[in-house]
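Participant: Handing you this structure, nothing more for now.
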Amino acid sequence: MLIVASTIVAVFMAITMIFVRLKASKRPASVKKIILPPVFMSTGAFMFLVPEFRVPWLQVAEAVIVGAFFSLFLIRTSKFEIKGEHIYLIPSKAFVFILFGLLIVRTVIKLIVGSHISVGETSGIFFLLAFGMIVCWRLAMLYKYKKLEKRLHGISS
């Protein structure tokens, strides 16, 4: 029952993410808009204060590495463009498919992992996976943004 509920929540989160990303592409990007999502998500780490959510260090490393691998698909489709005096995130047509593809893969992994470890540990692992993914993705976005920002200021000076 918990796995079904968490999967439904994940689908709604993916759909929300698609709309947020499309809406964001209509306004200029900024450093703040790039770094704040992982900062806000980091508060979820408070779950590890509860013993049921704690996972062994090896599983922490595995989850973060898998998250970093998954981020490669998002990094590949995140492109910025200079329009006038601002930098915009260009929406990728592949983003929707990648997001749902990652959701399907994560759900399958969750079903497999969830049958071997507790619900709390599974939640902890998948938080770490998602956090590893968003941090890597956002750091890559920040790098791309800063690179374009230098070019923009070099042109406008």
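Heads up: the sequence shown at position 92 corresponds to 400 in the working numbering, and the numbers run straight through without jumps. A virtual CB, placed ideally from N, CA and C, is assigned to each residue, including glycine.
Could you tell me which of E393, V404, I417 and L407 sits nearest to L460, measuring between CA atoms?
Facilitator: If you compare the alpha carbons of E393, V404, I417 and L407 with that of L460, the shortest gap goes to E393.
Participant: CA-CA distance, S465 and F388?
Facilitator: Reliability of the predicted coordinates at S465 is poor, the pLDDT of 49 falling under 50, and the value obtained from them is presented with this limitation in mind. Near 20 Å, if we compare the C-alpha coordinates of F388 and S465.
Participant: Leaving out five residues before and five after F378 in sequence, what residues of the same chain have Cβ atoms less than 6 Å from its Cβ?
Facilitator: L410 and M441
Participant: Tell me whether E429 sits in a helix, a strand or coil according to DSSP, three-state version.
Facilitator: helix
Participant: Drop a sphere of 10 angstroms on the beta-carbon of T351, count the other beta-carbons inside from all chains shown, and report buried for 16 or more, exposed for fewer.
Facilitator: exposed
Participant: Considering only residues of the same chain and omitting the five flanking positions on each side of L407, which have a CB-CB separation below 7 Å?
Facilitator: A322, M325 and I326
Participant: Considering only their Cβ atoms, is the gap separating I343 from L436 smaller than 8 Å?
Facilitator: no
Participant: Heavy atom of the ligand GTP less than 7 Å from the Cβ of F354, yes or no?
Facilitator: Because no ligand of any kind appears in the structure shown, any question about the ligand GTP cannot be addressed here.
Participant: When the Cα atoms are used, what is the spatial distance from K334 to K391?
Facilitator: 11 Å
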